[in-house]
Amino acid sequence: MSYYFAIIGTQDNPLFEYEFGTSKQGGDGQSRFSEQSRHLNQFILHSSLDIVEEVQWTNGALYLKVIDRFFNNYISVFLTPSNTKFLLLHQPPSSASIAPSSSTVTSSSSASVSSSVTAIPSLGGVGGVGGTRSSSTSIAANPTSPQTEEAIKNFFGEVYENYVKAVMSPFYRVNMEIKSPVFKNRVAAAGRKYL
Amino acid sequence: MSHLLAKPGGGGGQNAGAKDQQSIVSGGSSSASREAGLRYPTNGKTIYHRPLNRSKTAELSQASFAYLFSEMVSYAQKRVTGIQDLEKKLNLQGHPIGLKLLDLLLIREPPRSQTRPLNIISLLHFIKINVWQHLFGRQANGLEKSSSAETPDEYMIIDNEPLVNAYISVPREMSQLNCAAYVAGIIEGVCDGAAFPARVTAHTVGGKEEGEMWPGKTVFLVKFQPEVLEREALIGNKG
Numbered sequence: 001m002s003y004y005f006a007i008i009g010t011q012d013n014p015l016f017e018y019e020f021g022t023s024k025q026g027g028d029g030q031s032r033f034s035e036q037s038r039h040l041n042q043f044i045l046h047s048s049l050d051i052v053e054e055v056q057w058t059n060g061a062l063y064l065k066v067i068d069r070f071f072n073n074y075i076s077v078f079l080t081p082s083n084t085k086f087l088l089l090h091q092p093p094s095s096a097s098i099a100p101s102s103s104t105v106t107s108s109s110s111a112s113v114s115s116s117v118t119a120i121p122s123l124g125g126v127g128g129v130g131g132t133r134s135s136s137t138s139i140a141a142n143p144t145s146p147q148t149e150e151a152i153k154n155f156f157g158e159v160y161e162n163y164v165k166a167v168m169s170p171f172y173r174v175n176m177e178i179k180s181p182v183f184k185n186r187v188a189a190a191g192r193k194y195l
Numbered sequence: 001m002s003h004l005l006a007k008p009g010g011g012g013g014q015n016a017g018a019k020d021q022q023s024i025v026s027g028g029s030s031s032a033s034r035e036a037g038l039r040y041p042t043n044g045k046t047i048y049h050r051p052l053n054r055s056k057t058a059e060l061s062q063a064s065f066a067y068l069f070s071e072m073v074s075y076a077q078k079r080v081t082g083i084q085d086l087e088k089k090l091n092l093q094g095h096p097i098g099l100k101l102l103d104l105l106l107i108r109e110p111p112r113s114q115t116r117p118l119n120i121i122s123l124l125h126f127i128k129i130n131v132w133q134h135l136f137g138r139q140a141n142g143l144e145k146s147s148s149a150e151t152p153d154e155y156m157i158i159d160n161e162p163l164v165n166a167y168i169s170v171p172r173e174m175s176q177l178n179c180a181a182y183v184a185g186i187i188e189g190v191c192d193g194a195a196f197p198a199r200v201t202a203h204t205v206g207g208k209e210e211g212e213m214w215p216g217k218t219v220f221l222v223k224f225q226p227e228v229l230e231r232e233a234l235i236g237n238k239g
């Protein structure tokens with residue numbers, strides 16, 4: 001799964017952007033966007049701002065979940081009370097890359113069935129299958145599952161806390177770009193922790 | 001001094017000294033590896049390392065605030081010609097505070113009640129209760145809607161005794177002035193930040209006659225922009 005995160009100010013001006021990949025299930029934290037979609041991502045996020053403005057007056061929650069979809073790109077939104085938008089574009093791995101992983105699941109399950117007659121090692125095999133099965137409902141495979149929503153909510157929560165800290169700086173004015181490397185590291189850490 | 005140093009005993013003292021030196025050396029190398037151009041505080045703690053929640057005891061002294069505020073007023077006064085301009089200057093000084101308070105106070109709320117104000121009433125309640133509690137340690141004294149049919153866009157927040165005016169005596173020739181314009185600026189900041197653009201002004205309404213209960217009674221007149229009311233009507237119809 002690849003992520004593109006951006007903070008948009010009240011005048012639809014970008015304040016911060018960051019691109020990363022999943023760190024769960026052995027991910028290396030690198031995004032897998034193609035060079036072309038990198039440019040496209042910014043347009044997709046920007047176009048979803050219209051939908052944010054529609055949704056924001058019907059739902060008072062800060063976290064608005066997935067509000068927009070563009071082919072395989074899902075956009076989750078978190079709105080601060082001061083009307084700054086946190087947008088996260090998440091792109092599950094394309095079906096081509098899912099297919100081999102599902103085939104490994106079936107092969108390993110058949111292997112465990114055949115070996116389950118023997119003894120203790122098969123328990124480990126069964127456990128392993130359970131693990132892969134739960135991972136199919138986890139963040140990477142299903143962008144609208146409750147687990148994914150919860151993970152993104154936690155991610156946004158942590159970013160929000162750091163954003164408020166940035167805003168608290170007496171030298172910061174509304175809609176200023178956030179350039180602090182400390183902030184960037186914090187966002188990266190939150191991404192590693194939850195996504 | 002030497003007595004104090006000698007006290008912990010030979011070996012222990014030396015050990016501690018060595019540790020100190022080590023930490024100094026490692027501190028130096030880590031700061032050298034950081035990016036040039038960005039300066040960190042000596043203890044390495046930036047604003048991101050500080051907690052957002054305030055402990056109960058962390059209140060400011062009113063005397064120091066009054067001193068600072070009197071300086072702010074006289075600073076503004078030196079740069080203006082009229083009372084209107086002076087109030088505008090004070091208003092502008094408060095505005096960014098309101099914008100920031102909005103974010104800060106909502107993150108301090110328990111997660112369940114973290115909601116953005118969607119209509120005028122919930123926004124004004126937030127100001128009356130949360131903002132006032134944070135700034136002045138108590139709630140505002142009242143919240144009223146303009147009874148006149150011509151001005152449905154006007155709301156009033158009433159404070160019987162504004163804290164900012166506690167040590168301010170306005171000369172007779174400037175009786176129009178109310179330094180709570182600063183607080184009006186904060187309210188305006190909160191409204192603007194929450195996407196409810198408004199003009200907020202402070203007016204003294206305390207009577208001049210003897211025996212008045214609240215001579216410093218101040219009304220903050222919140223006048224929302226027409227588009228806010230328009231949106232309010234749309235949302236109301238939907239709900």
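Sequence order for the protein chains is G and Z. Residues 1 to 195 (the UniProt record's numbering) make up the first sequence, in order. Residues 1 to 239 (the UniProt record's numbering) make up the second sequence, in order. Even glycine gets a Cβ: it sits at the ideal position worked out from N, Cα and C.
Along the chain, where does the beta strand (DSSP E) that runs through residue i open and close?
i                      : result
G:PRO14                : 14-21
Z:ARG199               : 198-204
Z:VAL219               : 218-224
G:LYS24                : Looking at the DSSP string, G:LYS24 is not in any beta strand (DSSP E), and its letter there is neither H nor E.
Z:GLY142               : 142-145
residue 303 of chain Z : Absent from the structure is residue 303 of chain Z, since the part of chain Z shown begins at 1 and ends at 239.
G:ILE8                 : 2-8
Helix or strand or just coil, what does DSSP make of residue i?
i                      : result
Z:VAL228               : helix
Z:MET72                : helix
G:VAL77                : strand
Z:LEU118               : coil
Z:LYS45                : coil
G:LYS85                : strand
G:SER37                : helix
Z:GLN84                : helix
G:GLN11                : coil
G:PRO100               : Residue placement at G:PRO100 is poorly supported in this model, since its pLDDT is 42, which falls under 50; the coordinates are not used for a value here.
G:GLN91                : strand
residue 285 of chain Z : As shown, chain Z starts at 1 and ends at 239. That puts residue 285 of chain Z outside it, with no answer to give.
Z:ASN91                : helix
Z:GLU212               : coil
G:GLY124               : Residue placement at G:GLY124 is poorly supported in this model, since its pLDDT is 38, which falls under 50; the coordinates still yield a value, given next. DSSP places G:GLY124 in helix when its eight states are reduced to three.
For the alpha helix (DSSP H) holding residue i, just list the boundary residues, first then last.
i        : result
G:TYR163 : 146-168
Z:GLN133 : 132-136
Z:ALA181 : 181-193
Z:PRO51  : Segment: none, Z:PRO51 is in no alpha helix (DSSP H) and carries neither H nor E.
G:PRO181 : 181-194
Report the CB separation of residue i from residue j in whole angstroms; it is logged as a contact under 8 Å.
i        : j        : result
G:TYR63  : G:PHE156 : 6 Å
G:ASN72  : G:GLN91  : 6 Å
G:ILE44  : G:ILE7   : No, G:ILE44 and G:ILE7 are not in contact; Cβ-Cβ is about 16 Å, not under 8 Å.
G:ILE178 : G:PHE16  : 5 Å
Z:ASN165 : Z:CYS179 : 6 Å
G:SER48  : G:ASP68  : 4 Å
Z:VAL222 : Z:LEU101 : 16 Å between Cβ atoms; not a contact.
Z:GLN225 : Z:ALA198 : 6 Å
Z:VAL80  : Z:MET156 : About 26 Å; that fails the 8 Å criterion.
G:THR10  : G:ASN154 : Going by Cβ atoms, the distance from G:THR10 to G:ASN154 rounds to 25 Å, so no, they are not a contact pair.
Would you say the beta carbon of residue i is closer than 8 Å to some non-hydrogen atom of the ligand MG?
i        : result
Z:GLU109 : Only the bare structure without any ligand can be found here, which leaves the ligand MG out of the picture.
With a floor of 3 residues, list each beta strand (DSSP E) that falls wholly inside the segment 45-73 of chain G, ordered by position along the chain. 63-70
Specify whether the segment 149-159 of chain Z and the segment 79-93 of chain Z touch according to this definition: at least 3 beta carbon pairs, one from each stretch, less than 8 Å apart. no
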